[in-house]
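For the sequence shown, the UniProt record's numbering begins at 1 and goes up steadily by one.
Each residue gets a CB set at the ideal place from its N, CA and C atoms; glycine is no exception.
Here the structure comes first, spelled out in structure tokens, and everything after it is commentary.
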Amino acid sequence: MIADDADALAVTFHRMMRAVLAAERPGADTLGRTIELARDWGTGPAADARLADALRRLHGEPDEAPATPESARGAAIGTFAANARRSREGEITPAEFHEIMDDDGGPTRG
Numbered sequence: 001m002i003a004d005d006a007d008a009l010a011v012t013f014h015r016m017m018r019a020v021l022a023a024e025r026p027g028a029d030t031l032g033r034t035i036e037l038a039r040d041w042g043t044g045p046a047a048d049a050r051l052a053d054a055l056r057r058l059h060g061e062p063d064e065a066p067a068t069p070e071s072a073r074g075a076a077i078g079t080f081a082a083n084a085r086r087s088r089e090g091e092i093t094p095a096e097f098h099e100i101m102d103d104d105g106g107p108t109r110g
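Here's what the structure looks like:
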């Protein structure tokens with residue numbers, strides 16, 4: 001039930017976000033476009049950060065900056081998972097996946 005203008009605005013915004021996400025093509029920057037859409041609707045910096053975090057989780061993307069060694073490990077796992085999802089969905093080829101994930105710092109397995 002829409003009780004007032006604020007509720008109507010929220011419903012309109014959610015419909016616009018869903019339309020943007022539904023029209024996403026592989027490799028499209030839907031996250032960036034959705035954040036820009038939210039900014040156009042007058043959110044503040046704190047709300048921008050919360051929205052970006054929620055959309056990052058929705059898209060399976062890693063956090064921006066790990067704060068501790070444990071979160072660095074989690075970020076690495078998140079990066080791997082996000083790239084594995086992209087490979088599985090055909091956004092990137094297996095060769096691109098291996099190129100992205102190759103850190104050139106570890107031992108090579110044969």
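Nearest-angstrom Cα separation, counted from residue j out to residue i
| i | j | result |
| --- | --- | --- |
| MET16 | ASP7 | 14 angstroms |
| THR93 | GLU99 | 10 angstroms |
| PRO66 | ASP4 | Residue placement at PRO66 is flagged as unreliable, the pLDDT there being 49, under the threshold of 50; the coordinate-derived value follows with that caveat. Near 40 angstroms, if we compare the C-alpha coordinates of ASP4 and PRO66. |
| GLY90 | GLU36 | 26 angstroms |
| ASP102 | ALA84 | 13 angstroms |
| PHE13 | PHE80 | 32 angstroms |
| ALA86 | VAL11 | As written in the sequence, residue 86 is Arg, which differs from the Ala given in the question. When rounded, the distance between both Cα atoms is 30 angstroms. |
| ASP53 | ARG88 | 23 angstroms |
| LEU55 | LEU9 | 20 angstroms |
| GLY32 | VAL20 | 11 angstroms |
Candidates the options, of which the one nearest residue i by Cα
| i | options | result |
| --- | --- | --- |
| GLY78 | HIS98, HIS14, GLY90 and ARG57 | ARG57 |
Counted within 10 angstroms of its Cβ, other Cβ atoms place residue i as buried (16 or more) or exposed
| i | result |
| --- | --- |
| ARG18 | exposed |
| GLU96 | exposed |
Beta-carbon proximity of residue i to residue j, cut-off 9 angstroms
| i | j | result |
| --- | --- | --- |
| ALA82 | GLY60 | yes |
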